[in-house]
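Enquirer: Numbering (the numbering used here), first residue to last: 1 to 361.
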Amino acid sequence: MSHNSFGHLFRVTTWGESHGPAIGAVIDGCPPRIPLTEADIQPFLDRRRPGQSRFTTQRQEPDQVRILSGVYTETDGIQYTTGTPIGLEITNVDQRSKDYSAIGNQFRPGHADFTYDAKYGIRDPRGGGRSSARETAMRVAAGAVARRIIPGVTIRGALVQIGPHRIDRNRWDWAEVDNNPFFCPDAGSVDLFTTYLDGIRKAGSSIGAVIEIVAEGVPPGLGAPIYGKLDGDLAAAMMSINAVKGVEIGAGFGAAELTGEENADEIRLGNDGAPYFRSNHAGGILGGISTGQPVVARFAVKPTSSILTTRQSIDRFGNEIDIMTKGRHDPCVGIRAVPVGEAMMACVIADHFLRHRGQVG
Ligand SMILES: Cc1cc2nc3c(=O)[nH]c(=O)nc-3n(C[C@H](O)[C@H](O)[C@H](O)COP(=O)(O)O)c2cc1C
Numbered sequence: 001m002s003h004n005s006f007g008h009l010f011r012v013t014t015w016g017e018s019h020g021p022a023i024g025a026v027i028d029g030c031p032p033r034i035p036l037t038e039a040d041i042q043p044f045l046d047r048r049r050p051g052q053s054r055f056t057t058q059r060q061e062p063d064q065v066r067i068l069s070g071v072y073t074e075t076d077g078i079q080y081t082t083g084t085p086i087g088l089e090i091t092n093v094d095q096r097s098k099d100y101s102a103i104g105n106q107f108r109p110g111h112a113d114f115t116y117d118a119k120y121g122i123r124d125p126r127g128g129g130r131s132s133a134r135e136t137a138m139r140v141a142a143g144a145v146a147r148r149i150i151p152g153v154t155i156r157g158a159l160v161q162i163g164p165h166r167i168d169r170n171r172w173d174w175a176e177v178d179n180n181p182f183f184c185p186d187a188g189s190v191d192l193f194t195t196y197l198d199g200i201r202k203a204g205s206s207i208g209a210v211i212e213i214v215a216e217g218v219p220p221g222l223g224a225p226i227y228g229k230l231d232g233d234l235a236a237a238m239m240s241i242n243a244v245k246g247v248e249i250g251a252g253f254g255a256a257e258l259t260g261e262e263n264a265d266e267i268r269l270g271n272d273g274a275p276y277f278r279s280n281h282a283g284g285i286l287g288g289i290s291t292g293q294p295v296v297a298r299f300a301v302k303p304t305s306s307i308l309t310t311r312q313s314i315d316r317f318g319n320e321i322d323i324m325t326k327g328r329h330d331p332c333v334g335i336r337a338v339p340v341g342e343a344m345m346a347c348v349i350a351d352h353f354l355r356h357r358g359q360v361g
């Protein structure tokens with residue numbers, strides 16, 4: 001299977017299956033002499049790790065990352081990147097493959113079983129194999145390395161909607177995001193989310209969510225017109241996350257309801273003579289190039305397709321079947337998609353930072 005890499009100058013390749021011995025990534029193009037140890041990566045993996053609340057899968061994976069290559073401890077005692085490929089590995093420790101024996105020859109509606117079989121004629125069904133979001137752990141690890149390349153950029157994500165329930169944006173407080181199991185920035189919505197998702201979970205069902213990722217401190221000029229647009233690359237990166245079905249930049253689909261006067265972000269000069277924008281409907285990107293405003297991306301995550309309710313499908317042999325998915329699944333995969341979205345934002349911005357530096361110095 002090809003197409004396991006993304007990025008141009010900061011290029012990430014991932015490998016591994018959900019129930020294989022390990023998953024891993026190779027990061028090519030990271031500049032040399034950046035201090036980097038496992039301790040710089042692990043906190044981000046810990047935020048994505050499964051089994052941390054009753055609202056995520058109960059699979060217990062410590063997700064302990066190992067750096068296998070691309071770093072060297074200098075005479076000053078600091079471990080730096082060397083500019084050579086950085087190899088990362090996480091051992092899988094909590095596979096329960098027997099949960100999947102029943103569906104090895106069956107196609108779960110809404111999952112990738114049918115299309116993988118149609119394309120390759122063979123697949124590893126255990127835990128979803130390569131289509132499992134276990135792979136996203138490596139994106140989070142790569143994102144942690146990407147952040148080291150752009151230390152002036154702060155990238156944060158939050159869950160802003162579960163099912164029909166939206167947060168109150170007037171109560172947005174970034175400090176709340178790590179105080180609840182939903183990555184929710186609105187403390188006032190947490191009780192409602194809890195009751196609602198408990199109902200979904202106990203019914204053996206699942207539900208979708210909307211995630212917002214904000215990058216602050218992005219300098220103006222990153223991105224390129226036409227085929228190297230920052231928003232184009234961000235959209236592709238977010239859409240590549242498992243279960244994402246829609247991506248917006250800035251006002252996004254809401255821009256269709258705005259007039260030109262409402263939508264166009266007016267520009268003035270500040271006291272220091274530097275230009276500033278009076279609003280940010282553009283989501284920090286104009287003509288594919290960053291404006292210097294916060295870069296804002298939102299994505300919609302569909303409900304987990306593996307549910308306990310019996311559904312109609314077919315098997316590999318052309319028989320119509322009724323299917324019910326056992327195993328351990330997140331009732332709302334959007335929750336753990338938050339650190340993954342942050343990581344994809346970090347990788348894309350780091351890549352564009354290097355590409356910008358490569359062209360204009
Ligand atoms: C963090 C995360 C965890 C996921 N966990 C599950 C899961 O437990 N069960 C499941 O059926 N799908 C899960 N998914 C979604 C599937 O990986 C995804 O729906 C599947 O690969 C098909 O791809 P598509 O939905 O992008 O078309 C998860 C997605 C994310 C982002």
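Even glycine gets a Cβ: it sits at the ideal position worked out from N, Cα and C.
1. Determine the DSSP secondary structure at Gln42, reduced to helix, strand or coil.
2. Can you list, in chain order, the residues of its chain whose CB lies under 6 Å from that of Ala235, leaving out five sequence neighbours each side?
3. Identify every run of the beta strand (DSSP E) within the region 73-158, keeping only runs that are complete inside it and at least 3 residues long; order them along the chain.
4. If we ignore side chains and look at the alpha-carbon of each, how far apart do Met1 and Asp94 end up?
5. Have a look at Gly270, Met344, Thr82 and flag the residue whose alpha-carbon is nearest the alpha-carbon of Thr37.
6. For Asp315, verify whether its CB is less than 6 Å away from any heavy atom of ligand 1.
7. Compare the beta carbon distance of Ala343 and Val140 with 7 Å and say whether it is the shorter of the two.
8. In the DSSP assignment, find the unbroken alpha helix (DSSP H) run with Asp233 in it and report its ends.
9. Is Asp330 a contact residue of ligand 1, with contact defined as CB to any heavy atom under 6 Å?
10. Compute the distance between the beta-carbons of Val65 and Ile90, then report whether it is under 7 Å.
11. Is Arg148 near Ile34, with beta carbons less than 7 Å apart?
12. Helix, strand or coil for Gln359, going by three-state DSSP, please let me know.
13. Might you give, ordered along the chain, the residues of its own chain that have their beta carbon closer than 6 Å to the beta carbon of Gly217, omitting 5 neighbours on each side?
14. With a CB to CB cut of under 7 Å and the five nearest residues on each side skipped, what residues in its chain are close to Gly208?
15. Counting along the chain, where does the alpha helix (DSSP H) carrying Lys396 start and finish?
16. Got a sec, what are the start and stop residues for the alpha helix (DSSP H) Glu262 sits in?
17. Does the pairing of the region 125-142 with the region 238-254 give three or more beta-carbon distances under 8 Å?
18. Quick one: what's Leu269 bridged to in DSSP?
19. For ligand 1, is there any heavy atom lying closer than 6 Å to the beta carbon of Val333?
20. What does the Cβ neighbour count give for Ser189, buried or exposed, with the cut at 16 atoms within 10 Å?
21. Can you tell me whether His19 is buried or exposed, with buried defined as 16 or more other CB within 10 angstroms of its CB?
22. Take Phe114 and list the residues in its own chain whose beta-carbon comes closer than 7 Å to its own, dropping the five residues that flank it on each side.
23. Name the DSSP beta bridge partners of Arg11, please?
24. So if DSSP puts Phe299 in a beta bridge, which residue, or which two residues, is it bridged to?
25. Given that a residue counts as buried once 16 or more other Cβ atoms are within 10 Å of its Cβ, and exposed if not, what is Lys119?
Expert: Inspection of the coordinates gives the following:
1. As a first step, residue 42 must be located in the sequence shown, where it is residue number 42. DSSP places Gln42 in helix when its eight states are reduced to three.
2. The residue you call residue 235 lines up with position 235 of the sequence shown. Val247, listed in sequence order.
3. Runs found: 79-81, 86-91.
4. For the purposes of this step, residue 1 is identified with residue 1 of the sequence shown, where counting begins at 1. For the purposes of this step, residue 94 is identified with residue 94 of the sequence shown, where counting begins at 1. In this predicted model, Met1 has a pLDDT of only 48, less than 50, meaning its place in the structure is not dependable enough to derive any value.
5. Reading the sequence shown from its first residue, position 37 is the one you call residue 37. Nearest C-alpha to Thr37: Thr82.
6. Position 315 of the sequence shown, counted from the first residue, corresponds to residue 315. Incorrect: Asp315 has no Cβ contact closer than 6 Å to ligand 1.
7. The sequence position of residue 343 within the sequence shown is 343, counting from 1. The sequence position of residue 140 within the sequence shown is 140, counting from 1. Cβ distance < 7 Å, so Ala343 and Val140 count as in contact.
8. For this step, residue 233 is matched to residue 233 along the sequence shown. Residues 230-239.
9. As a first step, residue 330 is located in the sequence shown; it is residue number 330 there, counting from the start. Checking every heavy atom of ligand 1 against the Cβ of Asp330, one is found closer than 6 Å.
10. Residue numbering aside, residue 65 sits at position 65 when the sequence shown is read from its first letter. Residue numbering aside, residue 90 sits at position 90 when the sequence shown is read from its first letter. Contact: yes.
11. Your numbering for residue 148 matches position 148 in the sequence shown. Your numbering for residue 34 matches position 34 in the sequence shown. Taking 7 Å as the Cβ cut-off, Arg148 and Ile34 qualify as a contacting pair.
12. Start at 1 with the first residue of the sequence shown, and residue 359 comes out as number 359. Helix at Gln359.
13. Counted from its first residue, the sequence shown places residue 217 at position 217. Excluding positions up to five away in sequence, the list reads Gly152, Val153, Thr154.
14. On the sequence shown, position 208 is the one that residue 208 refers to. Taken in chain order, the residues that qualify are Gly163, Ala300, Val301, Lys302, Pro303, Gly334.
15. An answer regarding residue 396 cannot be provided, because it is not within the stretch 1 to 361 covered by the chain.
16. Counting from 1 along the sequence shown, the entry for residue 262 is found at position 262. Element bounds for Glu262: 260-263.
17. yes
18. As a position in the sequence shown, residue 269 is number 269, starting the count at 1. Note: Leu269 sits in a beta bridge opposite Pro275.
19. Position 333 of the sequence shown, counted from the first residue, corresponds to residue 333. Flag set: Cβ of Val333 near ligand 1.
20. Your numbering for residue 189 matches position 189 in the sequence shown. The residue in question, Ser189, is buried, as its Cβ has 16 or more Cβ neighbours within 10 Å.
21. Numbered from its first residue, the sequence shown carries residue 19 at position 19. By the 16-neighbour rule on beta-carbons within 10 angstroms, His19 is buried.
22. Within the sequence shown, numbered from 1, the residue matching residue 114 stands at position 114. Excluding positions up to five away in sequence, the list reads Phe107.
23. To locate residue 11, count along the sequence shown from 1; it is residue 11. Looking at the DSSP assignment, Arg11 forms a beta bridge with Asp28.
24. For the purposes of this step, residue 299 is taken as the residue at position 299 of the sequence shown. Ile211, Val247.
25. Walking along the sequence shown from the start, residue 119 turns up at place 119. That one is exposed.
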